[in-house]
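K.L.:
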Amino acid sequence: MNIQKLISEIKKSKIPINLSLIKKAYLFAEQAHHNQKRLSKEPYIKHPLNVAFILIKLNMDEETIAAGILHDILEDTKITYLQLEKEFGRKIASLVDGVTNISKINYSDREESTAENLRKMLLATSRDFRVVIIKLADRLHNMRTLEYLPKSDQIRIAKETQEIYAPLAYRLGINLIKSELEDLSFKFLNPKEYSKILRGTVTTKKHREKVLLEIKEEIERALKNNKIDAKIQYRLKNIYSIYRKIHERNIDIESINDLIALRVITNTVRECYEVLGLVHNLWTPMENGVRDFIAVPKSNMYQSIHTNVITSHGFVFEVQIRTEEMHKLAESGIAAHWQYKGMESDEKFDKRLEWLKEIVTNENRGSEMLETLRIELFGEEIFVFTPKGKVIEVPSKSTPVDFAYQLHSDIGDHCIGAKVNGSFVPLNHELKNGDVIEIITQKNHKPSRDWLKFVKTSKAMQKIKHSIRSTEKIPVQSFKNKYEKLSKYKSVIEVQDRKNVVIKFAHCCNPIPNDKIIAIVSENNTANIHKIDCAVYKTKKGKKAQATWKKNFESSIILEILADDRLGLLADLMKTFSNCGINVEKANASIVNKNMAECRFELKPNSLENLSKLLERLKEVYGVRKVLIS
68 MNIQKLISEI KKSKIPINLS LIKKAYLFAE QAHHNQKRLS KEPYIKHPLN VAFILIKLNM
128 DEETIAAGIL HDILEDTKIT YLQLEKEFGR KIASLVDGVT NISKINYSDR EESTAENLRK
188 MLLATSRDFR VVIIKLADRL HNMRTLEYLP KSDQIRIAKE TQEIYAPLAY RLGINLIKSE
248 LEDLSFKFLN PKEYSKILRG TVTTKKHREK VLLEIKEEIE RALKNNKIDA KIQYRLKNIY
308 SIYRKIHERN IDIESINDLI ALRVITNTVR ECYEVLGLVH NLWTPMENGV RDFIAVPKSN
368 MYQSIHTNVI TSHGFVFEVQ IRTEEMHKLA ESGIAAHWQY KGMESDEKFD KRLEWLKEIV
428 TNENRGSEML ETLRIELFGE EIFVFTPKGK VIEVPSKSTP VDFAYQLHSD IGDHCIGAKV
488 NGSFVPLNHE LKNGDVIEII TQKNHKPSRD WLKFVKTSKA MQKIKHSIRS TEKIPVQSFK
548 NKYEKLSKYK SVIEVQDRKN VVIKFAHCCN PIPNDKIIAI VSENNTANIH KIDCAVYKTK
608 KGKKAQATWK KNFESSIILE ILADDRLGLL ADLMKTFSNC GINVEKANAS IVNKNMAECR
668 FELKPNSLEN LSKLLERLKE VYGVRKVLIS
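Okay, so the sequence shown: first residue is 68 according to the numbering used here, each after it adds one.
1. Measure from the alpha carbon of residue 123 to the alpha carbon of each residue in 236, 86 and 76, then state which is nearest.
2. Leaving out five residues on either side along the sequence, give the residues of the same chain with a beta carbon under 6 Å from the beta carbon of residue 323.
3. With H, G and I counted as helix, E and B as strand and the rest as coil, what does DSSP make of residue 72?
4. Measuring CA to CA, which of 201, 86 and 125 is closest to residue 115?
5. Expressed to the nearest angstrom, what Euclidean distance is found between the alpha-carbon atoms of residue 646 and residue 199?
6. How long is the line joining the alpha carbons of residue 592 and residue 560, rounded to whole angstroms?
7. How about the stretch 234-252 and the stretch 207-214: do they share at least three Cβ pairs that are nearer than 8 Å?
8. Going by CA-CA distance only, name the one from 512, 525, 365 and 402 that's closest to residue 460.
9. Which first and last residues belong to the beta strand (DSSP E) in which residue 462 is found?
10. Which residue marks the beginning of the alpha helix (DSSP H) containing residue 255, and which one marks its end?
11. So, does the stretch 252-264 touch the stretch 216-227, judging by three or more C-beta pairs under 8 Å?
12. Going by DSSP, name the residue or residues bridged to residue 137.
13. Apart from the five residues on each side of it in sequence, which residues of its chain come closer than 7 Å, Cβ to Cβ, to residue 307?
14. Pull up the CB-CB distance for residue 463 and residue 447, whole angstroms please, since I reckon it's below 8 Å.
15. Grouping DSSP H, G and I as helix and E and B as strand, with all else coil, what is residue 280?
16. Taking 8 Å as the cut-off, decide whether the C-beta atoms of residue 585 and residue 599 are in contact.
17. Tell me residue 703's beta-bridge partners as DSSP assigns them.
18. With a threshold of 7 Å, establish whether the CB of residue 527 neighbours any heavy atom of the ligand MN.
19. If you pair each beta-carbon of the stretch 327-340 with each one of the stretch 380-395, do three or more pairs fall below 8 Å?
20. Per DSSP, what kind of secondary structure is residue 353 in: helix, strand or coil?
21. To which residues does DSSP link residue 377 through a beta bridge?
22. As a quick exercise: from 612, 637, 671 and 575, pick the residue whose alpha carbon is nearest that of residue 695.
23. For residue 286 and residue 387, what's the separation of their Cα atoms in angstroms?
24. Starting from the C-beta of residue 563, find all residues in its chain whose C-beta is less than 6 Å away, skip the five residues before and the five after it, and write them out in chain order.
25. Can you give me the C-alpha to C-alpha distance between residue 153 and residue 597, rounded to a whole angstrom?
26. For residue 565, I'd like the list of residues in its chain whose CB is within less than 7 Å of its CB, leaving aside the five on either flank, ordered along the chain.
27. If you measure between the beta carbons of residue 88 and residue 120, is that distance less than 8 Å?
28. When the Cα atoms are used, what is the spatial distance from residue 155 to residue 131?
29. Using a threshold of 8 Å, state whether the C-beta atoms of residue 141 and residue 151 are closer than that.
30. Is the stretch 478-485 touching the stretch 497-516 in the sense that three or more CB pairs, one from each, lie closer than 8 Å?
31. So, using beta-carbon positions, are residue 329 and residue 382 closer together than 8 Å?
32. Count the other CB atoms within 10 Å of the CB of residue 197; is the residue buried (16 or more) or exposed (fewer)?
33. Which residue comes first and which comes last in the beta strand (DSSP E) that contains residue 448?
34. Among the candidates 320, 129 and 79, whose CA atom is the shortest distance from the CA of residue 91?
35. Tell me which residues share the same chain as residue 475 and place their Cβ nearer than 7 Å to its Cβ, disregarding the 5 neighbours each side in the sequence.
36. My guess is that residue 629 and residue 693 are in contact by the Cβ rule of under 8 Å, so how many angstroms apart are they, rounded?
See below:
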């Protein structure tokens, strides 16, 4: 891969992209990675170019492609964030910084560590989905070149990819990446089985393609006769999914009916159903062989009609029917959103991604959270029905309570019983695919804490906890003066050769504990504290003095937090303070506009270590945008 091939691919894609920006990113990255080599002995710059190539295949925007070229800059070179922002702007710099932070996440066998790190990654994903798309492209190319790493690293990275990155790609609907990640992981984790199935698919494909060619011609004639303009493609199941079917069903490869699928891509939804009728007129549909994901899309936005049919000669095969737009969404998932909407808000799209926000805001930790992630992120979905026939998608192993909250929070809160397929069942009953569920409610009933022991979904957990908490009062006091400044910061900051100085924190750079800082002392003996790399402080008048954070604090400080206004925000912040062992002496919250809240807390952290821990945890609270010392 080189820059010429990359530019050529961009031109082929016909997506409006600023080529000057892409060339600038390439030259910048090439210079930064100069003389760096990968373990394959190739120049390092080939890796980010290949990442960018994958992003182009996903039809991503110019900012994402540029960030893909620059994605290793902050981690592997001497380039700083400020330098990157100066050259390419805040959006691209933030994308690169986000990918860098995900790359720093270490996964281990410890459930507590794994669950928390996964949550951090999902938090980054919820803020800008492009960050995780770049990371998935990065992981894909690294997997393609995994053979150059030591055996132990191959196993570790392949396992991590199989357990985390491939399921995440699936949940985001990016099947182009998901299938290849699964196969590459399987290749390194189980090379014998991989080779065996690969040989089997080659043999089986040759045998079945001859029959499918005849079938394809029959469909083409039927389409032509009915004046339906459509494309027909073959699709071979990926190796890992074949392996799973073989072992789950205890069958051999020849017994898999949908090993090769025929895909019909139409122009309209109406034509999809017309094609379904044509297919069923040509061949006999299998019992329970039709799955309509157009009427009931999967949570990852996937839409298509699947039908299994059998020929007069006993040949069974699958036909997938979808529109061109559905096809692009099936291949690229969330990535395709930018092709149609860009960064524009889309209510329908946002609703499909509520599951991610619910997981991110889940208060569980360790094994409990990991179990939730396994069910909602990595588990399978099932489709169940209301008595009126409405289809509801829930994770496998869900209970009637999970189902009730999926319908509406009020139904969940007032649930007292449930019927499944006409029979009463306990509320912890495990639902099955196709179940018809009737929820029995009582107006004054409230959720039980015992429900938390068996519900599976983040949504149910959050709603139950919120309902229980709603009766609990949170002590909140108002400040006499919202903007009063404490003169106690001399217990937090030590300024060289200054004893009675008044400490203030500069809002141009918002220094926080562990930042390297410097003081500008004015004539009235006020020390304004700046980050040492702050560009503004150099323009300020006053004497410069060395400043350091004290390890132990003797008095209170004030934190200002700007966050998305939402139900339960104040409670979540107070809980974070409590979990860090920090007492809140005063609190004040106000709405600055219809979407944002400003919260001010006077608290006593006791030590620099305690405050640093708190600031890290506050960043993880859903909706928090900025934290600063007032």
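Heads up, the beta-carbon is just placed ideally off N, CA and C, and yes, glycines get one too.
P.N.:
Quick answer:
1. 76
2. 312
3. helix
4. 201
5. 29 Å
6. 14 Å
7. yes
8. 365
9. 458-462
10. 242-256
11. yes
12. Residue 137 is not bridged to any residue.
13. 249, 250 and 253
14. 5 Å
15. helix
16. yes
17. Residue 703 cannot be examined here, being either before or after the span of the chain that is shown, 68 to 697.
18. In the structure on display, the ligand MN does not appear, and there are no ligands present to speak of.
19. yes
20. strand
21. 351 and 383
22. 575
23. 13 Å
24. 612 and 613
25. 20 Å
26. 588, 594 and 612
27. no
28. 12 Å
29. yes
30. yes
31. no
32. buried
33. 448-452
34. 129
35. none
36. 4 Å
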